[in-house]
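A.B. asks:
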Amino acid sequence: MSEIDPHTLEGHLSKLVEDCESLTIVFGVQNACTMYPPYIVGRDFIAGSDHTDHAKARPLVAPLNSIQQIICHPTKS
300 MSEIDPHTLE GHLSKLVEDC ESLTIVFGVQ NACTMYPPYI VGRDFIAGSD
350 HTDHAKARPL VAPLNSIQQI ICHPTKS
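According to my numbering, the sequence shown holds residues 300 to 376 in order.
(1) Cα separation between residue 368 and residue 340?
(2) Residue 316 and residue 371 look like a contact to me (Cβ under 8 Å); what is the Cβ gap, rounded to whole Å?
(3) Within the continuous alpha helix (DSSP H) that includes residue 378, where are the two ends?
(4) Let me check understanding here. Comparing Cα to Cα, which of 375, 363, 318 lies closest to residue 336?
(5) Any chance the CB of residue 357 is under 7 Å from a heavy atom of the ligand PLP?
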């Protein structure tokens, strides 16, 4: 697997979500979802799961061009 360039949006987002317990992805005024790890950051999307229990989890994919805000909830130490 190739290294992600930290100077790109993909690299910046990968570093940002590295230690996040969950993410709140905001799409609009009343449209948001909570995403849980493992996260995959692509060139034009971010993906994760909709549940912390892997047996119940379904994949979530959010295209970056439709995201208005990403709120990171860091892992509690």
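Even for Gly, the Cβ is constructed at its ideal location relative to N, Cα and C. Note that the structure is a prediction, hence the values are computed from the model and not measured.
C.D. replies: Short version:
(1) As a position in the sequence shown, residue 368 is number 69, starting the count at 1. As a position in the sequence shown, residue 340 is number 41, starting the count at 1. Between residue 368 and residue 340, the C-alpha separation is close to 15 Å.
(2) Sequence index remark: in the sequence shown, residue 316 carries index 17 (1-based). Sequence index remark: in the sequence shown, residue 371 carries index 72 (1-based). Confirmed, Cβ separation roughly 6 Å.
(3) Residue 378 is absent from the structure shown; the chain starts at 300 and stops at 376.
(4) The residue you call residue 336 lines up with position 37 of the sequence shown. With distances taken between Cα atoms, residue 336 lies closest to 318.
(5) As for the ligand PLP, it is missing from this structure, which has no ligand bound.
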